[in-house]
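Have a look at the structure below, then the notes.
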Amino acid sequence: MSNDAPVKKKRKFELDPRLAAYKGVWVFIEHERGQVHPVSWELLGEGRKLADMLGVELAGVVLAAPGEGQPFCQEAFAYGADLCYLMESPVLKDYRNDPFTRGMTELVNTYQPEVLLLGATTQGRDLAGSVATTLATGLTADCTGLTIDLDNRSLAATRPTFGGSLLCTIVTLNYRPQMATVRPRVMGMPERQEGREGRIIEHPLAMAEESIITKVLDYIPDDTRDKPQLPFADIIVSGGKGLAKPENFQLVWDLARVLGAEVGASRPVVQAGWVELDRQVGQSGKTVRPKLYIAAGISGAIQHRVGMEGADCIVAINNDPNAPIFDFAHYGIVGDALQLLPALTEAFRQKLATARRAG
Amino acid sequence: MHIAVCIKQVPDSAQIRVHPVTNTIMRQGVPTIINPYDLFALEEALRIKDRTAAKVTVLTMGPPQADDALRKCLAFGADEAVLITDKVFSGADTLATSYVLAAALKTLDAREPVDLVFTGKQTIDGDTAQVGPGIATRLGYQLLTYVSKIRELDADSRRILVERRAEGGVQVLESALPAVVTMLEGTNEIRFADMPGMFRAARQEVERWNRDAIGVDLAKVGLKGSPTVVAQVFGPKPKAVKAFRVAGDTPAAMAEAFVDRLFADYPHLE
Ligand SMILES: Cc1cc2nc3c(=O)[nH]c(=O)nc-3n(C[C@H](O)[C@H](O)[C@H](O)COP(=O)(O)OP(=O)(O)OC[C@H]3O[C@@H](n4cnc5c(N)ncnc54)[C@H](O)[C@@H]3O)c2cc1C
Ligand SMILES: Cc1cc2nc3c(=O)[nH]c(=O)nc-3n(C[C@H](O)[C@H](O)[C@H](O)COP(=O)(O)OP(=O)(O)OC[C@H]3O[C@@H](n4cnc5c(N)ncnc54)[C@H](O)[C@@H]3O)c2cc1C
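For the protein sequence lines, the chains are X and U, in the order given.
The numbering used here numbers the first residue of the first sequence as -1 and each following residue consecutively.
The numbering used here numbers the first residue of the second sequence as 8 and each following residue consecutively.
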């Protein structure tokens, strides 16, 4: 989605002098079971751009168990952070709303950032909602574009609205920090810079376990072995309602097999039960960023588009030359998907066989 | 046990149309529905009622027409309904919405202590998932989001044990009442409203609370109390460069021409 949509209604306002002291862009470094969620690195990539526009530093915020946070800080530097705020405490071992909200609000009140970004994950949304309420500031959800309105240094956050049929740009004027969440894979992954360094500012959390009511009794990891992993696939072949019959969807699987691709689908296909829910691409499904996205019999409704337009190369197969998908695809093949899919499977098979023989 | 369920009336987004020329929303005649996610919350509350004879009160902040949504909840089996309505509440973002809902829940709690508050995971219009955390934070209740299952609930010991959807797994959380639970979708299925339920709902009074009934600071409600401001609404832009159209007489010829072209443009794909 366009990141540079102009903010039309300019509001004249004088930033409260107390708020003018708020400086810097922060990214919450989310982790679970010792693994940082990649959305945090994606946000550092985006945060870097915002910090550069504002001429301020980019910071990662790491809340973790004692001894756990240092490596996360080092990674954050490699992905572009200038410094990290590190808060370590036994009560921060597993994610829980109470201690994380306490820790984050204390850091914000002490070091005063002007922008705070979090992943729109189950953890990030849980935390962001509580932190924004405690700080009494604005929080824009599920942004697809972030930029700075340099006239008043405000964060202009773009997000889909009304079931995704339109976009809106939201600003948080006389409040700090300006908070926003972004879904995984909406922003690109920044280049990792090995050996890049930064400062660590440690801050304690004075909170005893006895004062925390909610306890984590257990964590049952998902069985991911057989689950489709669309968000990180390099190639995705997706089918839509244009394929007309569940049997025809086999043509999508055939092409995917030749390409070593994952299979995706539009919502009506999932709702009709042709493929499982984990394969739905779009606003209410997965956001994907493959190198190659082939869409067959998909109209390109905005709710589908927001989930896949981050792909490097989009190929659309549709028998309607005016289908909306041709407005944003890189290659358009106008014709019957039921004939084109097998033809493509064959053409790719031959091409890849030749390439392999040559290589 | 007293359970409060927060519901929101939303436009049926499947039926929203955008004006092709002006790019504005054509709201006229768009039917409203109960936010689908809230039905999972309501059903969970009703199941607890079935088991333990708990009392279920539904609340919504909205325009007078939201009365319809509350009556549907009564027909499903909720005991009481409160419509929090006042023109000063309109234009609220999530911060101002959770402020008003928390004030209403405090008013309800003073009349009959509230043990558990249910909300949906998110709405289909604002779609922020921020109101549940906002309410819990304001009331100082325990916050349990994305709950897929309530394993145990005991009013006497005040204990609640839930499964919560986390990234890459499920957290099993033990907590204490009062708590705010945001329910995950697909965890149950809303029951049918039966005839006696519908008759009762039609006759029953829906309470109306305005700013005075819940005692709010006017600077914190509605548009004025909302830090976020919508600066602009716009339609998606077509890409500047139109798609490259693949030509060919037969599907096979088109496929071949396309594959050649693709690998020429993106050699790294091989
Ligand atoms: C709140 C909300 C959330 C939503 N979330 C999502 C989401 O996450 N993901 C999603 O995908 N949708 C989502 N939708 C639905 C979305 O609005 C569209 O309805 C959906 O994407 C359309 O799917 P489709 O393109 O497969 O089907 P259709 O719109 O029916 O399009 C079928 C296309 O196939 C073409 N076609 C027909 N026959 C052939 C043929 N033989 N060969 C080639 N082409 C052919 C047609 O020209 C047409 O363009 C959401 C909607 C709402 C309201
Ligand atoms: C297109 C659009 C975009 C928006 N973007 C933002 C944004 O980025 N940030 C922001 O702060 N506000 C935003 N708003 C305003 C926000 O939608 C309203 O504040 C709304 O009243 C509550 O938020 P929600 O619909 O996102 O609810 P969610 O937080 O998604 O709702 C969660 C649950 O809270 C309960 N609930 C929500 N609203 C009510 C209610 N009125 N009465 C009773 N229970 C309720 C329901 O149980 C619901 O399932 C946006 C509104 C629109 C129309």
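Cβ coordinates follow ideal geometry from the N, Cα and C atoms, glycine included.
Check, Outcome
"I142 of chain U vs C13 of chain U beta-carbon contact at 9 Å", "yes"
"DSSP state of N217 of chain U mapped onto helix, strand, coil", "coil"
"Coil, strand or helix - H201 of chain X by DSSP", "coil"
"Bridge-paired residues (DSSP) for G58 of chain X", "X:V25 and X:C82"
"Integer Cβ distance of T99 of chain X from S128 of chain X, believed to fall under 8 Å", "4 Å"
"Three-state secondary structure (DSSP) of R16 of chain X", "helix"
"Closer than 9 Å to chain U by CB, S128 of chain X", "yes"
"Interface flag, S164 of chain U vs chain X, CB-CB below 9 Å", "no"
"Residue interval of the beta strand (DSSP E) (run including Y173 of chain X)", "Neither: Y173 of chain X is in no beta strand (DSSP E) and is coded neither H nor E."
"Three or more C-beta pairs below 8 Å linking the segment 228 to 243 of chain X and the segment 275 to 285 of chain X", "yes"
"Any non-hydrogen atom of ligand 1 within 8 Å of G255 of chain U CB", "no"
"heavy atom of ligand 1 below 8 Å from P182 of chain X C-beta", "no"
"Below-9 Å beta-carbon distance, P234 of chain U vs any chain X residue", "yes"
"Cross-chain neighbours of P175 of chain X in chain U, by beta carbon under 7 Å", "Ordered by position in chain U, no residue passes the 7 Å Cβ test against P175 of chain X, which lies about 11 Å from the chain."
"V12 of chain U - DSSP class collapsed to helix/strand/coil", "strand"
"Ligand 1 heavy atom lying under 8 Å from the CB of K128 of chain U", "no"
"heavy atom of ligand 2 below 8 Å from N95 of chain X C-beta", "no"
"Any 3 or more C-beta pairs closer than 8 Å across the segment 207 to 216 of chain U and the segment 79 to 94 of chain U", "yes"
"Cβ-heavy atom distance, D318 of chain X to ligand 1, below 8 Å", "yes"
"Any non-hydrogen atom of ligand 1 closer than 8 Å to L241 of chain X Cβ", "yes"
"Rounded distance between the beta-carbons of A294 of chain X and I315 of chain X, thought under 8 Å", "4 Å"
"Under the three-state DSSP convention, the category D216 of chain X falls into", "strand"
"DSSP three-state assignment for C80 of chain U, whether helix, strand or coil", "helix"
"Span of the beta strand (DSSP E), counted from its first residue to its last, around F125 of chain U", "L123 to G127"
"Beta carbon proximity, K6 of chain X to chain U, threshold 9 Å", "Residue placement at K6 of chain X is poorly supported in this model, since its pLDDT is 46, which falls under 50; the coordinates are not used for a value here."
"Spatial distance of V4 of chain U from L112 of chain U (CA atoms)", "For residue 4 of chain U there is no data in the structure shown, the boundaries of chain U being 8 and 277."
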